[in-house]
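Asks:
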Amino acid sequence: MSKHHDELVEKSPRQSASGESGFSRRGFLRTTGATTSAIGTTALLTEDEAIAAQGAGMGPGAVPITLNINGKDQKLTVEPRVTLLDACRNNLDLTGAKRVCDRGTCGACTMIMNGKVVYACTVLAIDAQGKKIQTIEGLAAEGKYHPISQAFVNQDAQQCGYCTPGFVMASKGFLDRNPNPTEEQVLKGLGGNLCRCGTYMGVRKAVLEASKVMKGGKNA
Amino acid sequence: MQAFEYASPSTLKEAIGMLSSKWGEVDVLAGGTDLLSLMKEYTHTPKKVVNIKGIKELGGITKSGAGLKIGATVTLDELVSNATIKSEYPSLLEAAMGVSSPQIRNMGTVGGDLCQRPRCWYFRQGFGILGQDKNGTSLVPKGENRFHALFPQAPAYYVNASSLAPALIALGAKVQVAGPNGNREVAVADLFVIPKSNSGRELSLAANEIVTSITVPSARGVKNATYEVRQKQALDWPITTASVALKMKGSTVSSASIILGHVGPTPVQAKAAESMLNGKSLTPDLAAEVGKAAAQGAQPLNGTAYKAQLVRTAVKRALLEALKQRA
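Protein chains in written order, with the working numbering: chain A, 1 to 220; chain B, 1001 to 1327.
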């Protein structure tokens, strides 16, 4: 247990270097968190210092990196040990992907990297540079549902909803490669995602429904 | 995770120069599916992490008359998408598909599958590779050991974690290794050793060596199959695996290789079972007898006796699967 407590008070790169502006739920939580605990004490290097450090290997302090997320280049400054998931959640306000097991097992953090589904908790952010990353936030235009998300709603494919963003992204990655799947293929294709509430039946139906709706590339 | 320095060299020479001759100081990062978890648990606390995915010569699958050369950083997804693997190496295909999470197959590499650390929960919780207490007594035999060895080699009770190793060994594959003193080659079977101490390693690699590729001899005329038993059909580690490779002479077996996975600290060669097949024509009855022989000599821990039956069944089913092939 002590390890986990250590990690909580460890210097962690909570501050955003991306010029985040305005009010957000996460920003609010972060600010209040910072006043009551040791979170947010990272001594960030200036960008120049960080760039100078790259020549002789990078880190262990924070270094500037660029991630291409949902078609947009995002500059941020993180330590090499920061995962893609934590960088998205803590630095870029992309909190759709969830941190659940944090050990590459449950799939709640699923993102699509260069067209393939990955566990974002098990990819280093620094290692994700130069790759096209798609998160649940980039799936559909603001206020619109992607056919997969719509199918999840139609088929009642969630209960607590915590696994849902990961399942939707895993479904997207799966359908991109298997546009016309059988139920058996859906079963195997989503083998990397867990739902504690047991909504698998609904998820399976949703993926099959989405595959029909998306046929012909409509809205896909 | 402890903070570390990160490097992503583009040549093998550079990468080897960045490694340390002492284990624990520098870790090699490929897919990261095991390493990141080890670092998050503080089981590994490297000062430096060297990403080898940027080294071009470590990637790609090439076919020659002699067989297949698989780069160490080839992902399991690339492996199972390869036409030759699909047509000629069903045992490797099945073994890789046994890693039943697309996310893991998309990131995890062939070299990483071989070099991953054991899943033993004593090791993962910080009791060392042999799971010992302060007095050097292993906690495993008297503890929770239902996923541990059926064929332990004291003081090692953990099981080898590799999904591909049994199939690779059965097919006679070799591993190419590069280090500061040049390149060398070892049989996949000889990659795995019993650690000398609780802080030792279960690989015959030096800390500053990198697995660069795996060569698998041509499997033309070799019937080969893998049967894996898991608790869940979705993402889960295998409990017992059997991989078989049968060289055929007409309808009779001229030589057989039967390798068991996840029942010992190294993959286990079932020699007595192999010899029963020589010169014989494989039938379902014989497959069942061979399966029984494969479980002989087991020394189960108090929680692993059930694996003997899994071995019998896995070997039988792998043989029957191979029997179906035309080869």
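Backbone N, C-alpha and C define an ideal beta-carbon position, used for all residues, glycine too.
Kindly list, in the order they appear in chain A, the residues whose Cβ is closer than 8 Å to that of residue 1301(B).
Replies: In the second sequence, counting from the first residue as 1, residue 1301(B) sits at position 301. Residues of chain A passing the Cβ test: none, with the nearest at roughly 25 Å.
Asks: For residue 1307(B), which three-state DSSP category applies?
Replies: Taking the first residue of the second sequence as position 1, residue 1307(B) is located at position 307. Reduced to three states, the DSSP call for residue 1307(B) is helix.
Asks: Please decide whether residue 99(A) counts as near chain C, where near means a Cβ-Cβ distance under 8 Å.
Replies: Protein chains A and B are contained in the structure displayed, whereas chain C is not.
Asks: Return the bridge partner residues of residue 1202(B) from the DSSP annotation.
Replies: Within the second sequence, residue 1202(B) is the residue found at index 202, counting from 1. Answer is none; residue 1202(B) lacks a bridge partner.
Asks: Between residue 1032(B) and chain A, is the shortest Cβ-Cβ distance under 8 Å, so that the two count as touching?
Replies: In the second sequence, counting from the first residue as 1, residue 1032(B) sits at position 32. At least one chain A Cβ lies under 8 Å of residue 1032(B).
Asks: Over the uninterrupted alpha helix (DSSP H) stretch that includes residue 210(A), give me the two end residues.
Replies: The count along the first sequence starts at 1 and reaches residue 210(A) at position 210. Run containing residue 210(A): 200 to 214, per the alpha helix (DSSP H) assignment.
Asks: For residue 116(A) versus residue 166(A), is the C-beta distance shorter than 8 Å?
Replies: Here residue 116(A) is taken as the residue at index 116 of the first sequence, counted from 1. Here residue 166(A) is taken as the residue at index 166 of the first sequence, counted from 1. No, these two residues do not count as a Cβ contact at 8 Å.
Asks: Please return the same chain residues whose Cβ sits closer than 7 Å to the Cβ of residue 1049(B), not counting the five positions on each side in sequence.
Replies: Start at 1 with the first residue of the second sequence, and residue 1049(B) comes out as number 49. Result list for residue 1049(B): 1004, 1006, 1027 and 1029, in chain order.
Asks: Measuring alpha carbon to alpha carbon, tell me which of 1160(B), 1112(B), 1182(B) and 1283(B) ends up nearest residue 1194(B).
Replies: In the second sequence, the residue the question calls residue 1194(B) occupies position 194. Closest option to residue 1194(B), Cα to Cα, is 1160(B).
Asks: Can you check DSSP and say which residues form a bridge with residue 1071(B)?
Replies: Within the second sequence, the letter at position 71 stands for residue 1071(B). Paired residues: 1213(B).
Asks: Tell me, which residues are paired with residue 1230(B) by DSSP?
Replies: Along the second sequence, one-based indexing puts residue 1230(B) at 230. Beta-bridge pairing links residue 1230(B) to 1238(B).
Asks: Can you find a CB in chain B that lies within less than 8 Å of the CB of residue 79(A)?
Replies: For this step, residue 79(A) is matched to residue 79 along the first sequence. Cβ-Cβ to chain B under 8 Å: yes for residue 79(A).
Asks: Taking C-beta pairs closer than 9 Å, name the residues in chain A that residue 1051(B) reaches, listed in chain order.
Replies: As a position in the second sequence, residue 1051(B) is number 51, starting the count at 1. Result: 124, 126 and 127.
Asks: Are the C-beta atoms of residue 176(A) and some chain B residue less than 8 Å apart?
Replies: In the first sequence, the residue the question calls residue 176(A) occupies position 176. For residue 176(A), the answer is no, since every Cβ of chain B falls outside 8 Å of its Cβ.
Asks: Whether or not the region 86 to 96 of chain A and the region 154 to 163 of chain A are in contact is what I'm after, with contact meaning three or more pairs of Cβ atoms, one per stretch, closer than 8 Å; do they touch?
Replies: no
Asks: Taking the beta carbon of residue 89(A) as the centre, do at least 16 other beta carbons fall within 10 Å, making it buried, or is it exposed?
Replies: For this step, residue 89(A) is matched to residue 89 along the first sequence. The residue is buried, with at least 16 neighbouring Cβ atoms inside 10 Å.
Asks: State yes or no: is the C-beta of residue 1307(B) within less than 8 Å of the C-beta of residue 1226(B)?
Replies: Taking the second sequence and counting its residues from 1, the one referred to as residue 1307(B) is at position 307. Taking the second sequence and counting its residues from 1, the one referred to as residue 1226(B) is at position 226. In this structure, residue 1226(B) does not lie closer than 8 Å to residue 1307(B) by Cβ.
Asks: Would the beta-carbon of residue 984(B) fall within 8 Å of that of residue 1243(B)?
Replies: With chain B represented from 1001 up to 1327, any question about residue 984(B) goes unanswered, as that position is not in the structure.
Asks: Name, in chain order, the residues that DSSP records as bridge partners for residue 1027(B).
Replies: As a first step, residue 1027(B) is located in the second sequence; it is residue number 27 there, counting from the start. 1049(B), per the DSSP bridge assignment.
Asks: List, in chain order, every chain A residue whose beta-carbon is nearer than 7 Å to that of residue 1106(B).
Replies: Indexing the second sequence from 1 puts residue 1106(B) at position 106. Neighbours of residue 1106(B) on chain A, chain order: 116, 117 and 118.
Asks: Who are the Cβ neighbours of residue 1235(B) in its own chain at under 6 Å, not counting the five residues just before and after it?
Replies: If you number the second sequence from 1, residue 1235(B) lands on position 235. Cβ-Cβ distances below 6 Å link residue 1235(B) to 1100 and 1101 in the same chain, with the five nearest sequence neighbours on each side left out; the list follows chain order.
Asks: Does DSSP put residue 167(A) in a helix, a strand or coil?
Replies: Numbered from its first residue, the first sequence carries residue 167(A) at position 167. In this structure, residue 167(A) counts as helix in the three-state DSSP scheme.
Asks: Residues of chain A with CB closer than 9 Å to the CB of residue 1246(B), please, in chain order.
Replies: Numbered from its first residue, the second sequence carries residue 1246(B) at position 246. Neighbours of residue 1246(B) on chain A: none; closest Cβ ~28 Å, over 9 Å.
Asks: Span of the alpha helix (DSSP H) holding residue 1097(B)?
Replies: Numbered from its first residue, the second sequence carries residue 1097(B) at position 97. Element bounds for residue 1097(B): 1090 to 1097.
Asks: By the criterion of Cβ-Cβ separation under 8 Å, what are the contact partners of residue 1037(B) in chain A?
Replies: Numbered from 1 along the second sequence, position 37 holds the residue referred to as residue 1037(B). The answer, in chain order, is 103, 104 and 122.
Asks: Ignore the nearest five residues each way along the sequence and tell me which others in residue 195(A)'s own chain have a CB closer than 6 Å to its CB.
Replies: By 1-based counting over the first sequence, the position of residue 195(A) is 195. 163, listed in sequence order.
Asks: Within a Cβ cutoff of 7 Å, which residues of the same chain sit near residue 974(B), ignoring the five residues on either side of it in sequence?
Replies: Any property of residue 974(B) remains undetermined from this structure, which presents chain B solely from 1001 to 1327.
Asks: From this set, 1199(B), 1133(B) and 1203(B), which residue's C-alpha is nearest residue 1186(B)'s C-alpha?
Replies: Numbered from 1 along the second sequence, position 186 holds the residue referred to as residue 1186(B). Nearest C-alpha to residue 1186(B): 1203(B).
Asks: Could you spell out the range, first to last residue, of the beta strand (DSSP E) harbouring residue 1183(B)?
Replies: To locate residue 1183(B), count along the second sequence from 1; it is residue 183. Start and end: 1182 to 1187.
Asks: Quick check on residue 54(A): does DSSP put it in helix, strand or coil?
Replies: To locate residue 54(A), count along the first sequence from 1; it is residue 54. Legend: pLDDT at residue 54(A) = 43, less than 50; position of this residue unreliable, value from coordinates given subsequently. Annotated three-state conformation of residue 54(A) is helix, per DSSP.
Asks: If you measure between the beta carbons of residue 172(A) and residue 112(A), is that distance less than 8 Å?
Replies: The sequence position of residue 172(A) within the first sequence is 172, counting from 1. The sequence position of residue 112(A) within the first sequence is 112, counting from 1. Yes, the Cβ-Cβ distance between residue 172(A) and residue 112(A) is below 8 Å.
Asks: If contacts are defined as beta-carbon pairs under 8 Å, then residue 1267(B) and residue 1165(B) qualify, I think. What distance do you get, rounded to the angstrom?
Replies: By one-based count along the second sequence, residue 1267(B) stands at place 267. By one-based count along the second sequence, residue 1165(B) stands at place 165. With a Cβ gap of about 5 Å, residue 1267(B) and residue 1165(B) count as contacting.
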